[in-house]
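These notes are about the structure you will find just below.
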Amino acid sequence: MYILGVHNGSHDASGCLFRDYELLAAVSLERLTRKKNDGISPSMEIPLPAIDECLTIAGIERADVDVICTSRSHWEVQTYSLHGRWWIKQQYYRLVGDRRTPSMIDMMRKQGTKDAASIFNAAVFKRNYGFDKAEIFFFNHHAAHGWPAYFSPSSMMH
């Protein structure tokens, strides 16, 4: 099973790839663009160069990825599955070619949900990027910083 980790933040965007929980590759976007702390933009909602470099290192393609675990960071507005007033705004942005990347946390709040998957249009994402069979999961970026401390060997001591 191939698991792709993605941080698509406005800074320090990166990708990593695991095969059955063994790290195969980890690439920060800034290493490829030579722009310190480089992140995503309206023209690139996920760090494709970093992701594709990870896949190249492993010798696989996007269609081979089984699971994507990504941060609840910034996504292009057309990647959301919105309702109400925000659906109308989304249609307007599509018509005028506005590719803004609002924060998923903000969009979750505006859509009245705590479930990131409920406002994410996985079908559009998979079609746009070729991750045909991948299941998509979201993680809380800031909580992820605390997990290594919680599960470190020193925290396991009695």
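At position 108 of the sequence shown the residue is numbered 107 (numbering that gives the first Met the number 0), and the sequence of numbers has no breaks. Glycine is no exception: its CB is placed at the ideal position from the N, C-alpha and C atoms.
Whole angstroms is fine: what's the gap from residue i's alpha carbon to residue j's?
i: H10; j: Y79; result: 21 Å
i: F175; j: A57; result: Absent from the structure is residue 175, since the part of the chain shown begins at 0 and ends at 157.
i: A121; j: I135; result: 7 Å
i: F137; j: H73; result: 12 Å
i: Q90; j: N127; result: 18 Å
i: I118; j: N7; result: 17 Å
i: G83; j: G111; result: 11 Å
i: A148; j: A142; result: 11 Å
i: C53; j: A62; result: 14 Å
i: K132; j: V95; result: 31 Å
i: V76; j: R99; result: 6 Å
i: L81; j: P48; result: 28 Å
i: K113; j: S102; result: 13 Å
i: M0; j: I59; result: 12 Å
i: G4; j: R33; result: 21 Å
i: I67; j: T55; result: 16 Å
i: W86; j: K109; result: 11 Å
Taking the DSSP output, what are the residues bridged to residue i?
i: I135; result: I67
i: F119; result: Y79
i: M106; result: Bridge partners of M106: none, in fact.
i: S40; result: M43
i: H73; result: S102
According to DSSP, simplified to helix, strand and coil, what is residue i?
i: A25; result: strand
i: I2; result: strand
i: F124; result: helix
i: H10; result: coil
i: G111; result: coil
i: R61; result: helix
i: G129; result: coil
i: R33; result: coil
From what residue to what residue does the beta strand (DSSP E) around residue i run?
i: F17; result: S13 to R18
When burial is assigned at 16 or more other CB atoms within 10 Å of the CB, is residue i buried or exposed?
i: M106; result: buried
i: S42; result: exposed
i: S70; result: buried
i: S40; result: exposed
i: A116; result: exposed
For the alpha helix (DSSP H) containing residue i, list its first residue and its last residue.
i: T162; result: Any property of residue 162 remains undetermined from this structure, which presents the chain solely from 0 to 157.
i: W85; result: R84 to V95
i: I56; result: L47 to A57
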